[in-house]
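Some notes on the structure that comes next.
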Amino acid sequence: MTDQRKLLERALVRLRDTRARLAAAERAAREPISVLGAGVRLPGDVADLEAFWSLLRDGVDAVTPSVDTLDGHRPKPADRAENGRWAGLLTDVDGFDAAFFGISPAEAAKMDPQQRLVLEVAWEAMEDAGLPLETLQRAGTGVFLGVYNSDYLTLQYGEPGTINTYTAPGGAHSVLANRLSYLLDLRGPSMAVDTACSSSLMAVHLAVRALRQGECDIALAGGVNIILNPISTLVTEKVLPLAPGGRCRTFDAAADGIIRAEGCGVLVLTRESLAAGRRVRAVIRGTAANHDGRTNGLTAPNPRAQADLLRRALDDAGVRPEQVTYIEAHGTGTPLGDPIEVEALREVYGGGSLPCALGSVKTNFGHQEAAAGVTGLIKAMLVLEHEQVPPNVHLRRLNPEIDLAGSRLSAPAALTGLARGEHAPLAAVSSFGFGGANAHAIVQAPPPPQAGADAATPGKLVLPLSARDPAALAPLARAYAERLAGCDPVRAAAVCAAAGTRRTHLAHRLCLTAADPAELVARLGEVEGGGPAVPPRPPRVAFVFSGQGSQWAGMGTELLRREPVVAAEVAECDAVVRELAGWSVLEQLADGGRLHETEVAQVAIGALQLGLAALWRSWGIEPSAVTGHSMGEVTAAYAAGALDRAQAFDLLLRRARRAEEGAAGGAMASISLPPDRVRELIGSGGFASPGGSSARTGGRVGIGAVNGPRSTVVAGERQAVVAVCDAAERLGASVRRLPSRYGFHSPMLDGQDERLAAELADLRPGPCTVPMYSTVTGALVQPGQLGAAHWGRNLRDAVRFSPAVSAVAATGVTVFVELGPHPVLLRDLGETLEEAGVRYRAVGSLRRGQPASATLDRSLADLYRAGLEVDWEAVLGAAPADVPLPAYPWQRRRHWLGEATQRADLVTAVPQAERTATIALFVRRRIADALGLDDVEQVPEDRPLADFALDSLVIVELKGQAESELGVTVPLQALLRVMHGGTARDLATMIAKES
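Numbering-wise (the numbering used here), the sequence shown opens with residue 14 and increments by one.
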């Protein structure tokens, strides 16, 4: 009986588990999809959702006389002469920011403008969603795009001689989606959808399914349509009735057909469960797709199939039809199609008590074909957001074949309010293909945003801006200035936080800091451009911990109030020091009265340095190396992982006591001479033992530090230091007497080093997890080196700061961050690096008597401009969900067929001696373009080409570019051999020889 009971219990557990899994699968299969962002490009100069809503609300007719665009040139809408043909056209179709996407002018000229438009609008949708590119890349983002026009490709068929390697990918429908995935490195499903007029809503339907099935966590979905060739309009006219009256008069008695239109819309979608904390524009509750089946003609609609489609979408959404209060109809404005569609809508949606409005965006623009469905969906989202229904333009008298009597349906001809029920309002959207492929979606207003944290305290005013083209920075800055004008400090800080956390950080960078919004706006107004691009990989960083002498009364007090990370670290240090020494670091930082004492000064500096190190690391600034000057070597060892907190402060306290006992009453001075020359002065003046060095037997003065190539510190007994300084001044050297009453790192400490080493006999350092460069040896710390004897030398021997910095720089480190209460090493560090020919960036952390906003924030800005990847959420906090930001200012140039760069025939135009160098530069530029690099110097002439991992298409394109633009011959097999094992110079030599 007991065994049977156990079996039954196990069976019940398994049954519950199975039911739970089935319920979870059912929830996943019907999970609502959140719309995080949208991008649009529509007739009437509509480039964002705000402009789209204004056009809809005001009932604007964006249709103009049609123009042929065989050469890409279009008159402005107001300049288009009436010619009896009408269309809803974009203002321009030939401009494109090819450089932003790393596309060469030659390739851009062969790309269908539909591909170009999708790239820009998809980026705008990402920005509207507040999703940096890295987020989409991590999410395995899918791309689903509707398209069916091929005008640009067909324009090339008349000139077969112009067809090249760019033609096929430039015109293929599949590449519309694939190119977006390729350029943005998105690894989810990627497909173009062609179901004619329903293509873009069908793409949304497929994206919803892919998200629910877990094929991707984010999806870009939408569609595009551009009309260039009058032949395609002729083809359309043979299938669909073009309106003689030149307008889509949806639902109207005078409806007489469609007019063609252009546009592009892209949505950013994710599962509702992944949208927490983000602004949601709308929620797609459900979708459905079907086909009309066999009707009385391939292009004839089927009201029964349409009604079935609507019911399936409602079922997928878990919504009752009477809850829907707005329907965006397919609504083409044909005398037959509109009544058939409304018949199906009435059958499914006609019952209920809440009024339900019908609309069609085609009355504003015309029929946007492959972009029609997504345009209608975005309109429905805006209706839900603003709770108003725009007028159906041109609706004067309802088509007598449409019967709305006795139903809750209406077709408003003026702006009306949206009916509200108990729940968030719902809308439905239809899109039907002329081949019978149909799609329907149910969309709901988003839930109200969750109450955020109390934002009464303003955050930092640190504003990072970036662009792919330095010319874009000035207009971007102006746009931010307009957005920030009149903002209070809380809102201005929110804009900064959003700019840091919700934008992709590109190669050309600015970062502005300010004390208040007015200053930030003023600084934005001064921006005229940007500097060079940051390197493709973030530069390597070294933390430099300064020594005693940087302290000042009040240091760190503002920082402790402002930065919880610093406060937490210093509190940990304070607890250790209280136990070891019986006094409080926090009290001494607040009071500052004992900072003249060596023990208090060095321990307080050390605690503040550890707080700064924790802060920089929390902001994403991780060191590749550390080094420390004098006592700063102790905190560097902690940052390297060799010492724990208790070991570090025990060492600082013992070291300080030995220094106080041995070096008190001495003096120090900095002399602008190389160390060898200073050593000669010391020897010739009789201030040291025979040999002229600060030997450990009897010398009264010696070299205390080698800080730079011509920056040497002498230390020792005061009279001896004065004498050396006088001798140096007689030679014309600059001398700076340091405000110190100690002779640190001098013969005055002879014997104290041995005592310190004896006190530290039980010290057991761990291994360095970050490379540490010692200023005792001027070299990389080796395993087992940081024992007691090393710290004795650290107390007594000269500080070899300049050699240590040189050793750090030799490893490729180019960014140096000084950690301390005041930067005392930056000048010497800079002179050392300049002498070594290193291009570097060096910043401090705090500065004496200045607020953190004037020092720490500016240093962070410098590091961002240098190419460091900053954790902006850690710096600025999470931005509120409702902070809009300016869109990227595209730097468009004209790209069209037959207008690629003219070739320069090297065979005849360039002397033999110059040919190889010219070709090498050309090759490097084209490789830089292909890799999206802004600076040709990032493709060194002598670097193996295999290092760049160029794909086969790029290699073939390189061959075609060289032959068409340079007039040279490039044998493919020889090219492949050089690409495998040679350099750009080798390739140029081969091409020059073959030509």
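We put the beta carbon where it would ideally sit given N, CA and C, even for glycine. These numbers come from a predicted model, not from an experiment.
Per DSSP, residue 565 is paired with what? Here the question's residue 565 lines up with position 552 in the sequence shown. Answer is none; residue 565 lacks a bridge partner.
| task | Let me know if residue 248 comes out buried or exposed under the rule of 16 or more other beta-carbons within 10 Å of its beta-carbon. | result | Indexing the sequence shown from 1 puts residue 248 at position 235. So residue 248 counts as exposed.
- Message: Alpha carbons only, please: which of 288, 616, 794 is nearest the one belonging to residue 655?
- Response: On the sequence shown, position 642 is the one that residue 655 refers to. With distances taken between Cα atoms, residue 655 lies closest to 794.
Mind checking who residue 283 pairs with in its DSSP beta bridge?
The residue labelled residue 283 in the question sits at position 270 within the sequence shown. Answer is 47, 231, bridged to residue 283.
At the 8 Å Cβ level, is residue 600 part of the contact set with chain B, yes or no?
The structure shown has no chain B; it contains just one protein chain.
- Leaving out five residues on either side along the sequence, give the residues of the same chain with a beta carbon under 6 Å from the beta carbon of residue 117. If you number the sequence shown from 1, residue 117 lands on position 104. Same-chain partners within the cutoff: 942.
- request: Please name the residue in 897, 65, 72 whose C-alpha comes closest to that of residue 429.
  value: Position 416 of the sequence shown, counted from the start, is the residue given in the question as residue 429. Looking at the Cα atoms, 72 is the closest of the given residues.
### Query
If you draw a straight line from the C-alpha of residue 444 to the C-alpha of residue 187, how long is it?
Position 431 of the sequence shown, counted from the start, is the residue given in the question as residue 444. Position 174 of the sequence shown, counted from the start, is the residue given in the question as residue 187. Distance between the alpha carbons of residue 444 and residue 187: 21 Å.
At a cut of 8 Å, does the region 132-148 reach the region 201-221 through at least three beta carbon pairs? no
Q | Length of the line joining the Cα atoms of residue 958 and residue 987 | A | Walking along the sequence shown from the start, residue 958 turns up at place 945. Walking along the sequence shown from the start, residue 987 turns up at place 974. Residue 958 and residue 987: Cα-Cα distance of roughly 14 Å.
Notebook entry, point to check: Do you know whose CA, among 290, 324, 289, lies nearest residue 301's CA?
Noted result: If you number the sequence shown from 1, residue 301 lands on position 288. Residue 324 is the option with its Cα nearest to residue 301.
On the DSSP letters alone, give me the boundaries of the alpha helix (DSSP H) that residue 253 sits inside.
Within the sequence shown, numbered from 1, the residue matching residue 253 stands at position 240. Looking at the DSSP string, residue 253 is not in any alpha helix (DSSP H), and its letter there is neither H nor E.
Fill in: Collapsed DSSP secondary structure at residue 704 in the structure displayed
The residue labelled residue 704 in the question sits at position 691 within the sequence shown. In this prediction, residue 704 has a pLDDT of 34, which is less than 50 and means its spatial position is unreliable; nothing more can be read from the coordinates.
Pick from 394, 672, 358, 461 that is closest to residue 421, judged by C-alpha positions: Translated into the one-based positions of the sequence shown, residue 421 becomes position 408. That would be 358, whose Cα lies nearest to the Cα of residue 421.
> Can you give the Cα-Cα distance for residue 555 and residue 579, rounded to whole angstroms?
Replying inline: Working through the sequence shown from its first residue, we reach residue 555 at position 542. Working through the sequence shown from its first residue, we reach residue 579 at position 566. Straight-line Cα distance between these residues: approximately 19 Å.
Of the choices 279, 177, 257, whose alpha-carbon is the least far from that of residue 215? Counting from one through the sequence shown, the residue named residue 215 turns up at place 202. Looking at the Cα atoms, 279 is the closest of the given residues.
Checklist entry - What first and last residue would you give for the alpha helix (DSSP H) that runs through residue 325? => result Mapped onto the sequence shown, residue 325 falls at position 312. Note, residue 325: alpha helix (DSSP H), 316-330.
What does residue 684 pair with, by DSSP beta-bridge criteria? Numbered from its first residue, the sequence shown carries residue 684 at position 671. Per DSSP, 725, 748.
Buried versus exposed call for residue 170 [16 or more other C-beta atoms within 10 Å across all chains shown]
To locate residue 170, count along the sequence shown from 1; it is residue 157. Exposed, since its Cβ has fewer than 16 Cβ neighbours within 10 Å.
For residue 336 and residue 316, what's the separation of their Cα atoms in angstroms? Taking the first residue of the sequence shown as position 1, residue 336 is located at position 323. Taking the first residue of the sequence shown as position 1, residue 316 is located at position 303. Distance between the alpha carbons of residue 336 and residue 316 is about 22 Å.
What would DSSP say about residue 339, mapped onto helix, strand or coil? Mapped onto the sequence shown, residue 339 falls at position 326. Strand at residue 339.
**Asked** Looking only at its own chain, which residues have a Cβ that is under 7 Å from the Cβ of residue 149, when we skip the five neighbours before and after it?
**Response** As a first step, residue 149 must be located in the sequence shown, where it is residue number 136. Taken in chain order, the residues that qualify are 139, 197, 199, 231.
Which whole-angstrom value is the C-beta distance of residue 123 and residue 180, which I expect to be below 8 Å? Indexing the sequence shown from 1 puts residue 123 at position 110. Indexing the sequence shown from 1 puts residue 180 at position 167. Yes, they are in contact, since the Cβ atoms of residue 123 and residue 180 sit about 5 Å apart, within 8 Å.
- CB contact flag (residue 585, residue 658, <8 Å): As a position in the sequence shown, residue 585 is number 572, starting the count at 1. As a position in the sequence shown, residue 658 is number 645, starting the count at 1. Yes, the pair counts as a contact, with Cβ atoms nearer than the cut-off.
For this session: Could you check the C-alpha separation between residue 113 and residue 574 for me, to the nearest Å?
Result: As a working mapping, residue 113 is identified with position 100 in the sequence shown. As a working mapping, residue 574 is identified with position 561 in the sequence shown. Cα to Cα, the separation comes out at about 42 Å.
Where residue 762 and residue 856 are concerned, what is the direct C-alpha to C-alpha distance, given to the nearest angstrom? Position 749 of the sequence shown, counted from the first residue, corresponds to residue 762. Position 843 of the sequence shown, counted from the first residue, corresponds to residue 856. Cα to Cα, residue 762 sits roughly 32 Å from residue 856.
Margin query: So, with DSSP's three-state summary, where would you put residue 918?
Written below: As a position in the sequence shown, residue 918 is number 905, starting the count at 1. Because residue 918 carries a pLDDT of 47, less than 50, the predicted location of this residue cannot be relied on, and the following value inherits that uncertainty. Coil at residue 918, not helix or strand.
Original post:
Is residue 777 helix, strand or coil by DSSP?
Top reply: Position 764 of the sequence shown holds residue 777. Here residue 777 sits in coil by DSSP.
_Along the chain, where does the beta strand (DSSP E) containing residue 455 start, and where does it finish?_
On the sequence shown, position 442 is the one that residue 455 refers to. Unbroken beta strand (DSSP E) run through residue 455: 450-457.
- Item | Cβ distance (whole Å) where residue 263 is taken to contact residue 338 below 8 Å | By 1-based counting over the sequence shown, the position of residue 263 is 250. By 1-based counting over the sequence shown, the position of residue 338 is 325. Between residue 338 and residue 263 the Cβ distance is about 19 Å, and since that is not below 8 Å, they are no contact.
Q) If you pair each beta-carbon of the region 456-463 with each one of the region 871-880, do three or more pairs fall below 8 Å? A) no
field: Buried or exposed (CB count within 10 angstroms, at least 16 for buried), residue 333
entry: Here residue 333 corresponds to residue number 320 of the sequence shown, with the count starting at 1. By the 10 Å Cβ count, residue 333 comes out exposed.
| Using DSSP with H/G/I as helix, E/B as strand and the rest coil, what is residue 615? | Taking the first residue of the sequence shown as 1, we reach residue 615 at position 602. Residue 615: helix per DSSP, three-state reduction.
- Proximity below 8 Å, CB of residue 717 to CB of residue 583: Locating residue 717 in the sequence shown gives position 704, where the first residue counts as 1. Locating residue 583 in the sequence shown gives position 570, where the first residue counts as 1. Contact flag unset, no.
Can you tell me whether residue 824 is buried or exposed? The criterion is at least 16 other CB atoms within 10 Å of its CB, across all chains shown.
Here residue 824 corresponds to residue number 811 of the sequence shown, with the count starting at 1. Exposed, because fewer than 16 other Cβ atoms sit within 10 Å of the Cβ of residue 824.
Reducing DSSP to helix, strand and coil, say where residue 13 ends up. No information on residue 13 is available, as it lies outside the stretch 14 to 1008 that the chain covers here.
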